[in-house]
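Quick note, in the numbering used here, the sequence shown goes up one by one and the last residue is 1017.
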Amino acid sequence: MKTKPGSRAAVNPGDRECVHQPQTILLVGFMGAGKTSVGRALSRRLGLPFEDLDDRIQNREGKTIEQIFRESGEAEFRRVETAALRELLGELRRSPCVVALGGGAFVQAGNAALIEEAAVHSVFLDAPVEELLRRCEQEQKERPLRQNQEQFRELYEKRRQSYMRAALRIETNGKDVDTVAAEVACSLGLG
Ligand code: S3P
């Protein structure tokens, strides 16, 4: 029998289905998907803490994401990203929360395996690439992997299939942050 998300009752301790993290929700998607803003709204709605993987990386390294890319390159950024993700997933065993991943984190094969083992809810926040571009252009945030429109579109196409491996896909185009957060909660049966 399937156990509802959030319920700890009648779960066999050997059963991996959401045993440790009944409510942890991992928001994934491309740059501009709204992972951080939806994550904050969702955490308020569910009364769960919010974690942003990029913030954790910056705190661990004492550098901004942009600095890490500039000084050490993408390969080093991916190494520290995986280390931060591993650390975070370890902590989630004790305290579930809402997590926003950076746009490339879910795409790395090693990270995807770590996430699968952790048995969290992965949710892909989707939007057409033109909308993602528009949102990124409006935001002040430094994004080392947003170089020009053509490169942005190519990277999006390359990654889209990986995002589609998330357990749930939510379309965000034309919706405000609270509406998307409500849809995520309802789709996961968390009201
Ligand atoms: C990245 C996205 C960024 C940040 C880093 C790399 C990517 O996060 O992790 O610049 O590879 O797409 P956002 O998706 O929050 O912009």
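Beta carbons: idealized from backbone N, C-alpha and C, even for Gly.
Integer-rounded CB distance, given that residue j should sit under 8 Å from residue i
i    : j     : result
A926 : L879  : 7 Å
L951 : T1005 : Actually they do not touch by this definition, with Cβ atoms about 12 Å apart.
V949 : L852  : 7 Å
Cβ-based burial, residue i [other Cβ within 10 Å; buried from 16]
i    : result
Q966 : exposed
N974 : exposed
R882 : buried
E976 : exposed
N885 : exposed
A901 : exposed
Nonlocal neighbours in the same chain, by C-beta distance under 7 Å from residue i, ignoring five residues either side
i    : result
L874 : Q849, P922, C923, V924
N937 : T908, L911, A931
Close beta carbons around residue i, own chain, < 8 Å, minus the five adjacent residues each side
i    : result
V933 : R985, S988, Y989
G930 : R904, E907, L971, R985
Cβ neighbours of residue i in the same chain (closer than 6 Å, five flanking residues each side left out)
i    : result
F903 : I894, F895
T862 : D878, A926
L958 : F856, G858
V955 : R979, Y982
Every unbroken beta strand (DSSP E) within the stretch 927–982, with a cutoff of 3 residues, ordered by chain: Taking 3 residues as the minimum length, the beta strand (DSSP E) runs contained wholly in the stretch 927–982 are 947–952, in order along the chain.
Alpha helix (DSSP H) runs wholly inside the stretch 845–898, at least 4 long, in chain order: 861–872, 879–887, all fully within the stretch 845–898.
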